[in-house]
Amino acid sequence: MTTENKSIVGRALAGLVDTGDVDTLASLLSEDFTHHRSDSTTSTKEQWLAAVQAALGPTAGMRVDILHLLADGDHVVVHSRRRLPDAGPEIVVVDVLRIADGFIAEVWEIIEPARQAAANGAWWDARA
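Under numbering that gives the first Met the number 0, think of the first position of the sequence shown as 0, with each following residue one higher.
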């Protein structure tokens, strides 16, 4: 099952990252899909797909490096670095996706600007 789930996520990423194909992504999402952000906001399938479509213009030419694609049971984790062209800002993203009945049912997305990583980790250093 984990190989099949990784394949579903891989197809969604390939279509979106390589060609901006939102339709393939949409076809792999369950009807009751939910997207979760680290700021506790959520969006429905329609809301998230609209946001993804709107982001394609400003992120045109973005380089996406998939560093890890891991699966365990019905969850797939994607760890990536994303950089805008011309030495633009870089972010590190961790997506946790839950697969149900062959579709992506939920995504939890955590985004951190790469240049703020040290400052964002400072709370940990202060505890040591």
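Just so you know, even glycine gets a beta-carbon here, dropped at the ideal spot from N, CA and C.
All figures in this text were calculated on a predicted structure; none of them were measured in a lab.
When only Cα atoms are considered, Val51 and Ile90 end up about 16 Å apart. Look at Thr43 here: in three-state DSSP terms it is strand. For the 9 Å CB-CB criterion, Ile103 and Ala13 do not form a contact.
Taken atom to atom, the span from the alpha-carbon of Ser37 to that of Gly56 is near 23 Å.
Burial state of Ala117 is exposed, judged by a 10 Å Cβ sphere holding fewer than 16 other Cβ atoms.
Residue environment: Ile98 is assigned as buried (16 or more neighbouring CB atoms within 10 Å of its CB, all protein chains considered).
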